[in-house]
Amino acid sequence: MTTHGFTLTAEGPFDFGASLRFVEDWPATSALPSDGKALRFAYSAESDWLPIGVTVTGEPGGVSVATTRAAGPGIRGEVARILSLDVDGAGFAKLGEADPVLGDLQRRSPGLRPVCFWSPWEAACWAVIVQRSSMLIASRIKQRIAERYGARVTVDGQTYPAFPPPVSLVEAGGLGLPAQKEEWLRGLAQAALDGVLTTEHLRSLDPVDALAELRALPGVGPFSAGLILIRGAGAPDAFPGDEPRLFGILREAYGLPEDAPPSAYRKLAEAWRPYRSWASFLFRASGYGVADD
């Protein structure tokens, strides 16, 4: 099979090995086998919703990418977004010099950047599937939906099911989910087809407006909106307004009182601009024994 290659260069500190280690423990990608050297996956590319297989390997200063079909600017941008290589990270390390708590996390996981869902659409579907469910069960259901409705793509000799594009789920039923969740997924599929649930649209908005627009979508609450914007669209400077789990980590890390209001956490995060998403990710992924989802 013919493959197509390109490279992505990191601006600022970046450790691909740290990204790989994160993916290995990430419930949403638990079905991906790993040899500890490359990230291999298949997904429905947001640029055209057609399936594509991707292999990413590390190289000095960035990554080398091989794809199963020609990768134009759209797909190159998507892979960069997935690894947060579409953002100049040079200023992120400087934040740790002013904030010793954040700086300690940066030293513990040097070069770790947010690893995003393959698309905001897939992030939104995960957010609905995982509601009131264990991550293990949600991961299995997501995998079954991919196997039933998604295309199969061969990457380096192994077949991967790509999570289906929105057009495949806009009228789908029998997904193995409660009727309400299936209705929500169909609504999200329509939002993606309408261009609302896309990286381009969400990152064109002020983060506050994007979060508000996401909360208006079916089945999307405050936590899900933050997940979609930060880990789906890869917005580098958003801070979720109401995320008890993150607030608990920050409360422990900074010694805030138990009754600290949400405004106290928002004020704390102001010092992390323009990398509020990155700092939040680092606390969730590396901090205080709490795994990320």
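Everything in the sequence shown is counted per our numbering, starting at 42 for the first residue and increasing by one.
Ideal placement from N, C-alpha and C gives every residue a C-beta, glycine not left out.
- For L143, the first and last residue of its enclosing alpha helix (DSSP H): P141 to R149
- Check whether L243 and G273 have beta carbons under 9 Å apart: Contact flag set, yes.
- Query: Near G330, what residues of its chain come up, given a Cβ to Cβ distance below 8 Å and the 5 sequence neighbours on each side ignored?
  - Reply: Legend: pLDDT at G330 = 41, less than 50; position of this residue unreliable, value from coordinates given subsequently. None.
- Item | T239 - containing beta strand (DSSP E), residue span | No beta strand (DSSP E) contains T239, which DSSP labels as neither H nor E.
- Item | Where E212 falls, given that 16 or more other Cβ within 10 Å makes a residue buried | exposed
- Quick one: grab the DSSP three-state call for E293. helix
- Task: Verify whether the separation of the beta carbon atoms of I269 and A168 is less than 9 Å.
- Result: yes
- Item | Helix, strand or coil at Y329 [DSSP, three-state] | No answer about Y329 holds up, because its pLDDT of 48 lies below 50 and its placement is not dependable.
- D145 versus L216: straight-line alpha-carbon distance, rounded: 43 Å
- Message: Between the alpha carbons of A111 and D127, how many angstroms are there, rounded?
- Response: 20 Å
- For E100, which beta-bridge partners are listed by DSSP? G103
- Message: Can you tell me whether T70 is helix, strand or coil according to DSSP?
- Response: Under the three-state reduction of DSSP output, T70 falls in the helix class.
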